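First comes the structure, then the notes that go with it.
Protein chains: 2
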Amino acid sequence: MLSDRKKKILCAVVDSYIESANPVASKEIQEEYLPECSSATIRNELSTLESMGYLIQPHVSAGRIPSEKAFRFYVNELMFESNLTAREAEMIEQYLSRKVGSLEDVMTAVTHVIAEITNYTSVVVKEDMSDTITAIKLLDLSNGKLLVVIVTDSRVLKDGMVDLPDDFDEQIIAQAQKWLNKIFRGKHVSEFINFNYPFALVNDEFAQYNALFKKIIDVLKKVSLMNGMDVEMYGENKTIAHSEFTDVNNARKFLEQMENKEKIAEILTNDGGADGSMTVKIGAAENAPEGCAVVTTRVNLGENVSGSIGVIGPVRMNYRKVLAVLDKISEIIIDLVGKGE
Amino acid sequence: MLSDRKKKILCAVVDSYIESANPVASKEIQEEYLPECSSATIRNELSTLESMGYLIQPHVSAGRIPSEKAFRFYVNELMFESNLTAREAEMIEQYLSRKVGSLEDVMTAVTHVIAEITNYTSVVVKEDMSDTITAIKLLDLSNGKLLVVIVTDSRVLKDGMVDLPDDFDEQIIAQAQKWLNKIFRGKHVSEFINFNYPFALVNDEFAQYNALFKKIIDVLKKVSLMNGMDVEMYGENKTIAHSEFTDVNNARKFLEQMENKEKIAEILTNDGGADGSMTVKIGAAENAPEGCAVVTTRVNLGENVSGSIGVIGPVRMNYRKVLAVLDKISEIIIDLVGKGE
DNA sequence: TGTTAGCACTCTTTGCGTTCGACTGCTAAA
DNA sequence: TTTAGCAGTCGAACGCAAAGAGTGCTAACA
C-alpha cells in the first residue's frame, strides 16, 4: 500500500509524463505539484517508488518515467475523471447527429470524431455473434445466378451468389428455399460455421441437386463467417505523430500491427462486458499491441448486434480524455440505437 | 533530343538510383554501365544533363540524382520491359486462383499480392457508374421491414431497408415492386441520384402509399450513390519502409494523403483509358501525392463495372517491376471476369 | 525518525575542430 | 572530342571538452 504522498508523487509523474513525454525530475514535481516538501524528500520517495517497480530511470542523470505498472495503477486508482470541453462535446454531437444513416455510416463517423479529438487511432468492431435466422431467401436474378440472402431478426446479412444450372425453374428454387428454412430457421448464425450437409434431411426428388445445395450452404458458411465481424479503423497516423514513434521503425512496427484487423478485433472484443463497460489494456503484457494501450467500451447496437469502440495509442496515453470521449460517444450511441427501435 | 550516350547515362543514373537510393557518381556509371568511356567524359555529360533539368546534385561533392523530369523520360522512352520472376508469377496465381468469390474478395486479394510483391501501397477502385437496372426486388422480411434490392445486369448492388406500416400485405408489396420496375428497369443506376418522385405515374389506389414510395426511392438513391465507388487499399507501411520516408514527417504526410480515399480514387480514375491501359503519374506536378508516383491500370470488371488497379510508391519507384506486376494482374483479372460471364 | 540543504558524481547533450573520403570541375594534353 | 590528373568542396565520422540536468549521499536539523 502506498502512502498518500507517494500516490501524489506517482500521480504527478504520470500526469507530467503524459503531457510532456519527458522524464520527470524531482525539482519539477516539487515546483509544480508538491510545493510543501523539498525536492530532496521527493527524490527519496522517487527512489523507493523506483525500487517498487513503478518508475524507471532511463539513466542516472535523468528524471523518472512511469512503468506500465504505474500506468495501470494510475488508471485504477489515481486518475480522476475529467469532462470534455464544450468544443469537444459539440464536435461529437455534430459528427454523430448528421449521420443517422446506416450502421456503417455511424461506425465511420465514430472513428473519425474519436481520432480527431483524441489524436489517437480509433477502431470500431461490430459483432453479429448470436443473431438468429429469421429466414433464408433465394432470389433468382434471371441471369443464371442465385442470390442467397440470410435474414436475421436484427438485420440482413451480406448476401452471396451461386451459379444456377440452366434447368432450374422457380418451382425448384421455392422448394429449395423451403428446405433451407426448415433446417436453419431459428438457429444462430454462428452455427453455420461448423455445419455439415444433412443429406438425410433432403428428400429423394432433390437428390440430383445435392451439389447445388452444398454450394448454397458453403455460401452461407462463408457469408456468416465474414459477417461475424466488421472492423473499421481511422487515424493510424494520429498515433504515430506522438513522440514514441519518431523512430520510423517504431512507427512501422505499429502500422504493421494495425494492419492485422483480426488481431485488433480480438483485442477489442475478447473480454465481453456489459453495455457501456470500459476496458483498459496497457502494454503487451495486457495483450495490447507492443508499446500501446487500448481503451475499449462496449455498446449494444441492436437486439443481437454488439459493438466495441476502441482507442489505440501509446502507453503514455491521455487516459482521462480518452475515457471521457468514449463515455460520451457510447452514451450517444446507446441513445441513438434506442431511438432506432 | 538527347544523344544515345546521354540516354544511356541517364538510364544508368535512374536505374542505379532506383536500386540504391543514393546519388550516382561518374565513376560508378563508368564501371558498371559504360566501361567504354572514361569517368571524365561521363562527368561532362552529367553536367550538361543537369543543366537540361534531368539531374540534380544534392551538393558539390555528391553524385547526381534524377529529377522527376528524368523519371518521366525514363518511363516514356528509356525503360525496357521486364518479366516477373517465376516465384512472383506463381505468387500472383496463387493469391488470385483461390479467390474466385465475390468481387470484394478479389479486390482484397489483388491489393494484398501487389503490396507483397512490389513493396509499395496498392489500391483498387471499383466504379459502377453506368450499370443498368435489371430489376428491383422488394423482400418482406416478416419483421415489419422491407428489404430493397437493386439488381443490375452485372451484379447486385448493396441493399437497403425500409420500415413497413402494419397494414401492408404481400399483394401490395408485389404491386409496389411492379411499379418500381416499370419506372426503373433499363435505366442507369446513376439516374437515381437526381430522380424526383413521379406522382403522376402512380395510380390512384396507391395514393395513400406515396410516403412509403418516397422512402423506398430515397433508399435507392442513397444506395446507388454509395455504390458508385469502392476503394480498397493495402500496404501503406510497405511504402513508408522506403528510405525517402525515414523522416517520420514524410511518413506522416504520406499516410495523411492515403487517408483521403476520395482523393486517391480520383487520382486512380480521373483519366479513363481502355481496358488494360496503363497510366503513370510522377510527382505532385502530375497530380500524384507529394513525393510519390502512381501507376494505374484499368480493367473491365463486368459489362458495366470498371476498375482501376494502382500502385503508389515513392517517385523513385521500380517502374519496371510495377508495370510487369500490373500487367500480369490485369491479364488475370480480365481472364477471370471473362470466364465469369 | 523524517526532512532538508549542499555537494560530488554521473551521464547526456551540444558544439567544435579535425580528419577522411567522395566527387566534381577544370585544365591541359592527346 | 576524349581523357588523365589535380585542386577544391562539402558531408560524414570521430574525438574531445564544456555545459547542463539530475541524482544519491551525507550530514545537519526539527
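Top line first, the protein sequences correspond to chains A and B.
Take the first sequence: its letter number 109 is residue 583 in the numbering used here, and every next letter is one higher.
Take the second sequence: its letter number 80 is residue 554 in the numbering used here, and every next letter is one higher.
For each residue, glycine too, the CB sits at the ideal point set by N, CA and C.
All values derive from a computational prediction rather than experimental measurement.
| Check | Outcome |
| --- | --- |
| Closer than 9 Å at the beta carbon, the chain B residues around THR608 of chain A | LEU615, SER616 and ASN617 |
| Backbone secondary structure at SER804 of chain A - three-state DSSP | helix |
| Beta-carbon proximity check, GLU472 of chain A vs GLY765 of chain A, cutoff 9 Å | Since the first residue shown for chain A is 475 and the last is 815, residue 472 of chain A is missing from the structure and cannot be characterised. |
| LEU638 of chain A to THR608 of chain B span [Cα, whole Å] | 17 Å |
| CB contact check: LEU810 of chain B to chain A, cutoff 9 Å | no |
| Interface flag, ASP704 of chain A vs chain B, CB-CB below 9 Å | no |
| Integer Cβ distance of ALA759 of chain B from GLU542 of chain B, believed to fall under 8 Å | 6 Å |
| CB contact check: ARG726 of chain B to chain A, cutoff 9 Å | yes |
| CB-CB length for LYS802 of chain A against ILE566 of chain A, believed under 8 Å | 6 Å |
| For ALA536 of chain B, three-class secondary structure by DSSP | coil |
| Short CB-CB distance (under 9 Å) between THR585 of chain A and chain B | no |
| Those residues which DSSP pairs with PRO788 of chain A across a bridge | A:CYS766 |
| Start-to-end residues for the alpha helix (DSSP H) that takes in LEU742 of chain A | 735-743 |
| Coil, strand or helix - ASP809 of chain B by DSSP | helix |
| Where the alpha helix (DSSP H) containing TYR491 of chain B begins and where it ends | 478-494 |
| Proximity below 9 Å, CB of VAL636 of chain B to CB of LEU620 of chain B | yes |
| Below-9 Å beta-carbon distance, ARG710 of chain B vs any chain A residue | The displayed chain sequence assigns Glu, not Arg, to residue 710 of chain B. GLU710 of chain B counts as touching chain A. |
| Proximal chain A residues relative to ALA715 of chain B, where beta-carbon distance stays under 9 Å | VAL722 and ARG726 |
| Under 7 Å from the C-beta of LEU729 of chain B: neighbouring residues of chain A | GLU710 and ASN711 |
| Closer than 9 Å to chain B by CB, PHE658 of chain A | no |
| Own chain residues within Cβ distance below 6 Å of ALA739 of chain B, not counting five before or after | VAL599, MET703 and VAL705 |
| Spatial neighbours of GLY527 of chain A in its chain, beta-carbon cut-off 7 Å, leaving aside the 5 residues before and after | SER541 and LYS543 |
| Amino acids of chain B, ordered along the chain, whose beta-carbon sits closer than 9 Å to that of LYS611 of chain A | LEU613, LEU615 and LEU621 |
| Range of the contiguous alpha helix (DSSP H) that encloses MET581 of chain A | 577-592 |
| LYS688 of chain B, buried or exposed, once every other Cβ within 10 Å from all chains shown has been counted against 16 | exposed |
| Reference VAL663 of chain B, options B:ILE690, B:THR606, B:VAL584 and B:ASN617, closest by Cα | B:THR606 |
| Cβ pair ARG546 of chain B, GLU524 of chain B closer than 9 Å | no |
| GLY784 of chain B vs ILE714 of chain B beta-carbon contact at 9 Å | no |
| Interface residues of chain A facing PHE719 of chain B [CB-CB closer than 8 Å] | VAL722 |
| Helix, strand or coil at MET565 of chain A according to DSSP, with G and I counted as helix | helix |
| Test: VAL580 of chain A CB closer than 9 Å to a CB of chain B | no |
| One or two residues paired with ILE624 of chain A in a DSSP bridge | A:ILE610 |
| Chain A within 9 Å of VAL625 of chain B, Cβ atoms only | yes |
| CB of THR753 of chain B within 9 Å of CB of VAL773 of chain B, strictly | no |
| Where GLU733 of chain A meets chain B, residues with beta-carbon distance less than 9 Å | TYR708, GLY709, GLU710 and ASN711 |
| Buried or exposed by the 16-neighbour rule on C-beta atoms within 10 Å, applied to VAL574 of chain A | Low confidence applies to VAL574 of chain A: its pLDDT is 49, below 50, so where it sits in the model is not reliable enough to give any reading. |
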